[in-house]
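Take a look at the structure set out below.
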Amino acid sequence: MSTAENLVSQEYKYGFVTDIESDTIPRGLSEDTVRLIAAKKNEPEWMLEFRLKAYRHWLTMTEPKHWPNLTYPEINYQDMIYYSAPKQKALKASMDEVDPELLKTFEKLGIPLTEQKQLAGVAVDAVFDSVSVATTYKEKLKKHGVIFCSFSEAIREYPDLIRKYLGSVVPTNDNFFAALNSAVFSDGSFCFIPKGVRCPMELSTYFRINNSESGQFERTLIVAEEGSYVSYLEGCTAPKFDKNQLHAAVVELIALDDAQIKYSTVQNWYAGDEEGRGGIYNFVTKRGKCAGRNSKISWTQVETGSAITWKYPSCILLGDNSIGEFYSVALTNHAQQADTGTKMIHLGKNTRSTIISKGIAAGKSNNSYRGLVKVMPKAENSRNYTQCDSMLIGSNSGANTFPYIEVMNNSSAVEHEASTSKISEEQLFYLQQRGISQEDAVSLIINGFCKDVFLQLPMEFAVEAQRLLGMKLEGSVG
Amino acid sequence: MVSQIVKEENQYQAAFRQLQQRTTASDVAWFGRLRESAMDRFEQLGFPSVKEEEWKYTNVAPITKLTFDPALPAIDVDSLATSTELARFGYPEAQTSQLVFVNGALRSNLSSLAGVPAGVVAIDLVEAIADAKYGELIREQLARSADYNANAFTALNTACVSSGAFILIRKGTELESPLHLNFVSDPSAPNSVSFPRVLIISEENSRATVIESYAGTNDAAYFTNAVVEIVLKDGARLEHYKVQRESVEAYHVATTSADLGPNSSYDSTTINFGARLSRHDIHVKMAHEGAECWVDGLYVVSSDQHTDTHSVIDHQQPHCTSHQLYKGILDGKSRAVFNGKIFVRHGAQKTDAMQTNKNLLLSDEARVDTKPQLEILADDVKCAHGAAVGQLEEDELFYLETRGIHPELAKNLLTYGFAEEVIGKIKVDSIREQLDEAVLNRINARLEA
Numbered sequence: 001m002s003t004a005e006n007l008v009s010q011e012y013k014y015g016f017v018t019d020i021e022s023d024t025i026p027r028g029l030s031e032d033t034v035r036l037i038a039a040k041k042n043e044p045e046w047m048l049e050f051r052l053k054a055y056r057h058w059l060t061m062t063e064p065k066h067w068p069n070l071t072y073p074e075i076n077y078q079d080m081i082y083y084s085a086p087k088q089k090a091l092k093a094s095m096d097e098v099d100p101e102l103l104k105t106f107e108k109l110g111i112p113l114t115e116q117k118q119l120a121g122v123a124v125d126a127v128f129d130s131v132s133v134a135t136t137y138k139e140k141l142k143k144h145g146v147i148f149c150s151f152s153e154a155i156r157e158y159p160d161l162i163r164k165y166l167g168s169v170v171p172t173n174d175n176f177f178a179a180l181n182s183a184v185f186s187d188g189s190f191c192f193i194p195k196g197v198r199c200p201m202e203l204s205t206y207f208r209i210n211n212s213e214s215g216q217f218e219r220t221l222i223v224a225e226e227g228s229y230v231s232y233l234e235g236c237t238a239p240k241f242d243k244n245q246l247h248a249a250v251v252e253l254i255a256l257d258d259a260q261i262k263y264s265t266v267q268n269w270y271a272g273d274e275e276g277r278g279g280i281y282n283f284v285t286k287r288g289k290c291a292g293r294n295s296k297i298s299w300t301q302v303e304t305g306s307a308i309t310w311k312y313p314s315c316i317l318l319g320d321n322s323i324g325e326f327y328s329v330a331l332t333n334h335a336q337q338a339d340t341g342t343k344m345i346h347l348g349k350n351t352r353s354t355i356i357s358k359g360i361a362a363g364k365s366n367n368s369y370r371g372l373v374k375v376m377p378k379a380e381n382s383r384n385y386t387q388c389d390s391m392l393i394g395s396n397s398g399a400n401t402f403p404y405i406e407v408m409n410n411s412s413a414v415e416h417e418a419s420t421s422k423i424s425e426e427q428l429f430y431l432q433q434r435g436i437s438q439e440d441a442v443s444l445i446i447n448g449f450c451k452d453v454f455l456q457l458p459m460e461f462a463v464e465a466q467r468l469l470g471m472k473l474e475g476s477v478g
Numbered sequence: 001m002v003s004q005i006v007k008e009e010n011q012y013q014a015a016f017r018q019l020q021q022r023t024t025a026s027d028v029a030w031f032g033r034l035r036e037s038a039m040d041r042f043e044q045l046g047f048p049s050v051k052e053e054e055w056k057y058t059n060v061a062p063i064t065k066l067t068f069d070p071a072l073p074a075i076d077v078d079s080l081a082t083s084t085e086l087a088r089f090g091y092p093e094a095q096t097s098q099l100v101f102v103n104g105a106l107r108s109n110l111s112s113l114a115g116v117p118a119g120v121v122a123i124d125l126v127e128a129i130a131d132a133k134y135g136e137l138i139r140e141q142l143a144r145s146a147d148y149n150a151n152a153f154t155a156l157n158t159a160c161v162s163s164g165a166f167i168l169i170r171k172g173t174e175l176e177s178p179l180h181l182n183f184v185s186d187p188s189a190p191n192s193v194s195f196p197r198v199l200i201i202s203e204e205n206s207r208a209t210v211i212e213s214y215a216g217t218n219d220a221a222y223f224t225n226a227v228v229e230i231v232l233k234d235g236a237r238l239e240h241y242k243v244q245r246e247s248v249e250a251y252h253v254a255t256t257s258a259d260l261g262p263n264s265s266y267d268s269t270t271i272n273f274g275a276r277l278s279r280h281d282i283h284v285k286m287a288h289e290g291a292e293c294w295v296d297g298l299y300v301v302s303s304d305q306h307t308d309t310h311s312v313i314d315h316q317q318p319h320c321t322s323h324q325l326y327k328g329i330l331d332g333k334s335r336a337v338f339n340g341k342i343f344v345r346h347g348a349q350k351t352d353a354m355q356t357n358k359n360l361l362l363s364d365e366a367r368v369d370t371k372p373q374l375e376i377l378a379d380d381v382k383c384a385h386g387a388a389v390g391q392l393e394e395d396e397l398f399y400l401e402t403r404g405i406h407p408e409l410a411k412n413l414l415t416y417g418f419a420e421e422v423i424g425k426i427k428v429d430s431i432r433e434q435l436d437e438a439v440l441n442r443i444n445a446r447l448e449a
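The listed protein sequences correspond, in order, to chains A and B. For the first sequence, the numbering used here assigns the number 1 to the initial residue and increments by one for each residue that follows. For the second sequence, the numbering used here assigns the number 1 to the initial residue and increments by one for each residue that follows.
What follows is the structure in structure tokens.
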């Protein structure tokens, strides 16, 4: 593989900036900032208390800089804008009232917000910088009893549900970035699937950062009541800036008895240039609680963007017979760094978890899998299977595996396997002598490597993910 | 608690000062300085706490809490251990090639080197330091491989070296019978502590087998803090067996550090049976092309025993191969920790590294924490690791039962077979037999209970 090091990614397609007037608060973070955000959003007193509690705790915490396998310059939390919203009419009763500039932006990103133009069967909540600008198919979903709306609206309309579930999976003091998010989060998506309802369409949130100075702090909360089912998708992009931007989100999932939540992410934040200038710091806390018996939470992620990814979508398997799954493809190129993985905490009896992680490291990037499988004494007859494979492209990249396995009873079985390899020359040669071009051959091999994960994605996303991976490595190997 | 630790350190400091005055080797300036500097480092580091990642699962508080009296070799006190009593710790294959250490100090009257060929030097480490023939060589190698800056226990051992073994296997020498380093703790006073220290240098194209064993004469609580350094030159081959059968009340903390030369081969097997708390750090550095190593082990623990293995296999140069198989059998309320790191550095192409850790939990209260890690910075390599925690296979049990074998016996057979994968590779018959017996005894004791 003589030209293997010849890594050139295609231009980042989503790197444009939308010229839109925005309502931006001054830089810096203090209790006043937290109060200002709450005031901007007209939030009730209990919400402000939640924020302040988180903020006061955050002040006592230190950034987790030592244990992750990541290096980055000090983040100045005072040199950041914590709230930036595109200026538009106060209340948007229908799509017609959304700023056409915003609609155009999302259209350009391939996410048309006008329902006629949309892929049938996917409802979208579009988040632009700090606020949700539009949510589609709300009415149709309402007929089935499904609540799908922006977080701000949920706080206004469904305060009881929010008070009950907010922070119940990721408490405000969980970790440094979760605490920061709890203090300053500006919007996000809320979705609630009532008892026995199978959500009639895929729900999705599309995150877009536009302002070069602002961080994005959003929250997603999904509650699936007894016997319900929902499939949720998440996508993200940002313009190209030389400065790093912080994205610190929190996602909480709650599955009650017999409920199922499938959460898929295709993350394509701007990753910085070849030298590692600019790009998003993606420091995200995602956690699901299988609270009920026979519940199931499944995480699927395709991580291709971000300068730095720090993300561990986890499952707390509390209910007996509950199931947790984690399927991940993490691709890093150039100077990107990823430290990602999962935690499976087995608490209930007969709980099962599966972890499939595929890491691809090219250029001078660094890709780490970090995972914890913990089987508590009472989690009898639990099972875990973990497989993490890494593929290295070029001799300057790094692939690491840090699995923690803690087993505290003797009726459970835990298996972990990991391997590291490269694209074999035999495979390439075989495909090429069959008349397949070198580039297609590489793409074929990589897609094959990731197949176990892509199979878990909803169809539209799977196509998108394969295309994305091919694009990222285009002209790169071979 | 804090004051407790400080007091403890002071106690070690006092012993250290005493030692500096007493041993003749302190006259060798560099050695005195080395110990001083290691003691300084120990004072800076203090005993590790569970807040440190490397000690996350092992709490050494019992060691820091107990008032250990350093079992420094008092020259005039002849211990109770007689050669007949010691016989049970020896191996017939090494009858004429063994060094016996009581509480860390070499006892030449109990040792025998009649069967060791001329190309082998096996003498007291501290005497060798004072000897002009070996002084420079030891200065070059001692405390180089086992870095005392990062590990408080290694620092403490380095500061307190007062005896131990220096083994030099000269160019091309081949040892037929294994060389046995027999460390016996005879805690005449309760809570004694010993600091075994070994430096093995295998010169070019030499071949040898070294057995390192630890045992106690009674069930008292004592603390063994050992450091073994191994240097393999070009083409050298070394088989190394470490058999740890300390008393069930003992604490055993050891570091093994091996530097592999070009095309050398290091085959290590570590057996952990004894001690209330044992911790073994094994570090293999492959800084030259063509080296190959096997870093295998077996831990069998029950009741409230705790065993911890931290291994690092560091591939620094291309074309090196490493194999690792660690297996564990846990019963009672015992705990086992396995932390295995494989590093493949930039440029270490064509590395082939394989690591496996398997644990068998026989009781509901046993606990395993395993953490196999890969850190790979080269692309043309073959690396894999696997870890498993579980029970005996239902299918296998069923098969044996259909053949008319009693379920309990079937379990024993399978447990024994699980351990056999590691024990079976041991080439010294008497060790293998001893371990077979020990495993069977453990299993039978379970059957009777």
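Where a beta carbon is used, it is the ideal one built from N, C-alpha and C, also for glycine. Computed from a predicted model, the values in this text were never measured in an experiment.
What residue from B:Ala387, B:Glu204, B:Glu375 has the CA that sits closest to A:Ser397's CA?
In the first sequence, counting from the first residue as 1, residue 397 of chain A sits at position 397. Comparing alpha carbon positions, the residue from B:Ala387, B:Glu204, B:Glu375 closest to A:Ser397 is B:Glu375.
Under 7 angstroms: does the beta carbon of B:Lys133 sit that close to some heavy atom of the ligand ADP?
In the structure on display, the ligand ADP does not appear, and there are no ligands present to speak of.
Is the distance from the Cβ of A:His416 to the Cβ of B:Gly386 below 8 angstroms?
Here residue 416 of chain A refers to the residue found at position 416 of the first sequence. Here residue 386 of chain B refers to the residue found at position 386 of the second sequence. Yes, the Cβ-Cβ distance between A:His416 and B:Gly386 is below 8 angstroms.
Is there a Cβ from chain A that is less than 8 angstroms from the Cβ of B:Ala383?
The residue given as residue 383 of chain B occupies position 383 in the second sequence. Sequence inspection shows Cys at residue 383 of chain B; the Ala mentioned does not correspond to that position. It does; some Cβ of chain A falls within 8 angstroms.
Strictly below 7 angstroms CB to CB, what residues from chain A border B:Ser363?
Mapped onto the second sequence, residue 363 of chain B falls at position 363. Neighbours of B:Ser363 on chain A, chain order: Asn410.
Select from B:Thr96, B:Ala118, B:Pro117, B:Val121 the residue whose C-alpha is nearest the C-alpha of B:Leu110.
For the purposes of this step, residue 110 of chain B is taken as residue 110 along the second sequence, with counting starting at 1. The alpha carbon of B:Leu110 has as its nearest neighbour, out of B:Thr96, B:Ala118, B:Pro117, B:Val121, the alpha carbon of B:Thr96.
Okay, do the stretch 261-274 of chain A and the stretch 343-362 of chain A touch, 3+ Cβ pairs below 8 angstroms being the bar?
no
Output the distance between the C-alpha atoms of B:Asp379 and B:His180, rounded to the nearest integer angstrom.
By one-based count along the second sequence, residue 379 of chain B stands at place 379. By one-based count along the second sequence, residue 180 of chain B stands at place 180. Going by the C-alpha atoms only, they are around 41 angstroms apart.
For the stretch 397-408 of chain A, list every residue whose C-beta sits within 9 angstroms of some C-beta in chain B, in sequence order.
Going along the stretch 397-408 of chain A in chain order, one finds Ser397, Gly398, Ala399, Asn400, Thr401, Phe402, Pro403, Tyr404, Ile405, Glu406, Val407, Met408 with a Cβ nearer than 9 angstroms to chain B.
Quick check: the Cα distance between B:Ala384 and B:Gln324, rounded to an integer number of angstroms?
For the purposes of this step, residue 384 of chain B is identified with residue 384 of the second sequence, where counting begins at 1. For the purposes of this step, residue 324 of chain B is identified with residue 324 of the second sequence, where counting begins at 1. The alpha-carbon of B:Ala384 is positioned some 10 angstroms away from that of B:Gln324.
Mind the definition here: the stretch 411-425 of chain A touches the stretch 386-397 of chain A only if three or more C-beta pairs lie below 8 angstroms; say whether that holds.
yes
Using a Cβ-Cβ cutoff of 9 angstroms, what residues of the stretch 343-361 of chain A are near chain B? List them in chain order.
Ala361
Terminal residues of the continuous beta strand (DSSP E) containing A:Leu246?
Mapped onto the first sequence, residue 246 of chain A falls at position 246. 244-247 is the extent of the beta strand (DSSP E) around A:Leu246.
Cβ-based neighbour list, A:Phe177, same chain, cut-off 7 angstroms, excluding 5 preceding and 5 following:
Locating residue 177 of chain A in the first sequence gives position 177, where the first residue counts as 1. The answer, listed in chain order, is Ala248, Phe283, Thr285.
Is there a C-beta anywhere in chain B that falls below 8 angstroms from the one on A:His334?
On the first sequence, residue 334 of chain A is found 334 positions in, with the first residue counted as 1. Not closer than 8 angstroms to any Cβ of chain B, the Cβ of A:His334 fails to qualify, so no.
Using the three-state DSSP reduction, which class does A:Arg293 fall into: helix, strand or coil?
Start at 1 with the first residue of the first sequence, and residue 293 of chain A comes out as number 293. Three-state result, A:Arg293: coil.
Identify the contact partners of A:Lys65 in chain B, using a Cβ-Cβ distance below 7 angstroms as the criterion.
Within the first sequence, residue 65 of chain A is the residue found at index 65, counting from 1. Those do not exist, as A:Lys65 stays about 14 angstroms from chain B at its closest Cβ, beyond 7 angstroms.
Within this structure, are the beta carbons of B:Ala165 and B:Ala215 separated by less than 8 angstroms?
Here residue 165 of chain B corresponds to residue number 165 of the second sequence, with the count starting at 1. Here residue 215 of chain B corresponds to residue number 215 of the second sequence, with the count starting at 1. Cβ distance not < 8 angstroms, so B:Ala165 and B:Ala215 don't count as in contact.
Would you decide whether B:Ala336 is buried or exposed? Buried here means 16 or more other CB atoms lie within 10 Å of its CB.
The residue labelled residue 336 of chain B in the question sits at position 336 within the second sequence. It counts as buried.
If you measure beta-carbon to beta-carbon, which residues of the stretch 414-435 of chain A are closer than 8 angstroms to chain B?
Val414, Glu415, His416, Glu417, Ala418, Ser419, Thr420, Ser421, Lys422
Segment contact flag, the stretch 434-442 of chain B with the stretch 406-423 of chain B, C-beta cutoff 8 angstroms, min 3 pairs:
Touching, per the Cβ criterion.
What residue ranges within the stretch 377-455 of chain A form continuous alpha helix (DSSP H) runs of no fewer than 4 residues, ordered along the chain?
425-433, 438-449, 451-454
On the three-state DSSP scale, how would you describe B:Leu168?
Counting from 1 along the second sequence, the entry for residue 168 of chain B is found at position 168. Looking at B:Leu168 - three-state DSSP - the assignment turns out to be strand.
Smallest Cα separation from A:Lys104: which of A:Gly359, A:Lys296, A:Arg208?
As a first step, residue 104 of chain A must be located in the first sequence, where it is residue number 104. Checked all of A:Gly359, A:Lys296, A:Arg208; the closest Cα to A:Lys104 is A:Arg208.
Starting from the C-beta of B:Tyr57, find all residues in its chain whose C-beta is less than 7 angstroms away, skip the five residues before and the five after it, and write them out in chain order.
Residue numbering aside, residue 57 of chain B sits at position 57 when the second sequence is read from its first letter. Result list for B:Tyr57: Asp308, Val337, Asp369, in chain order.
Rounded separation between B:Arg33 and A:Thr62 - CA only
Residue 33 of chain B sits at position 33 when you count from the first residue of the second sequence. Residue 62 of chain A sits at position 62 when you count from the first residue of the first sequence. If you take the alpha carbons of B:Arg33 and A:Thr62, they lie about 39 angstroms apart.
Neighbour list for A:Ile446 in chain B, Cβ cutoff strictly below 7 angstroms:
By 1-based counting over the first sequence, the position of residue 446 of chain A is 446. Residues of chain B passing the Cβ test: none, with the nearest at roughly 14 angstroms.
With distances taken between CB atoms, is the gap from B:Ser303 to B:Gly328 smaller than 8 angstroms?
The residue you call residue 303 of chain B lines up with position 303 of the second sequence. The residue you call residue 328 of chain B lines up with position 328 of the second sequence. Their beta carbons are not under 8 angstroms apart, which means B:Ser303 does not touch B:Gly328 by this criterion.
Using the Cα positions of B:Phe343 and B:Asp314, report the straight-line distance between them to the nearest angstrom.
As a working mapping, residue 343 of chain B is identified with position 343 in the second sequence. As a working mapping, residue 314 of chain B is identified with position 314 in the second sequence. Approximately 5 angstroms between the Cα atoms of the pair.
When burial is assigned at 16 or more other CB atoms within 10 Å of the CB, is A:Met201 buried or exposed?
Indexing the first sequence from 1 puts residue 201 of chain A at position 201. Label assigned to A:Met201: buried.
Please list, in chain order, the chain B residues whose beta carbon lies closer than 9 angstroms to that of A:Asn392.
Start at 1 with the first residue of the first sequence, and residue 392 of chain A comes out as number 392. The residue you asked about is not Asn; residue 392 of chain A is Leu in the sequence shown. Here the neighbours are Ile376, Leu377, Ala378, Asp379, Asp380, Val381.
Measuring CA to CA, which of B:Leu298, B:His346, B:Gly390 is closest to B:His319?
Residue numbering aside, residue 319 of chain B sits at position 319 when the second sequence is read from its first letter. It is B:His346 whose Cα lies nearest to the Cα of B:His319.
Is it true that the CB of B:Val253 sits closer than 8 angstroms to the CB of B:Gly274?
In the second sequence, residue 274 of chain B corresponds to position 274, counting from 1. In the second sequence, residue 253 of chain B corresponds to position 253, counting from 1. Remark: C-beta atoms of B:Gly274 and B:Val253 do not approach each other more closely than 8 angstroms.
Going by other Cβ atoms of all chains shown within 10 Å of its Cβ, with 16 needed for buried, is A:Gly15 buried or exposed?
Walking along the first sequence from the start, residue 15 of chain A turns up at place 15. When all chains shown are included, A:Gly15 counts as exposed.
Output needed for A:Tyr83: all residues of its chain with C-beta closer than 6 angstroms, excluding positions within five of it in sequence on either side, in chain order.
For the purposes of this step, residue 83 of chain A is taken as the residue at position 83 of the first sequence. Taken in chain order, the residues that qualify are Ile25, Ile37, Ser130, Ser186.
Neighbouring residues, chain A, relative to B:Lys367 (Cβ below 9 angstroms)
Your numbering for residue 367 of chain B matches position 367 in the second sequence. Strictly speaking, residue 367 of chain B in this sequence is Arg, with Lys absent from that position. Those are Pro377, Glu406, Val407, Met408, Asn409, listed as they occur along chain A.
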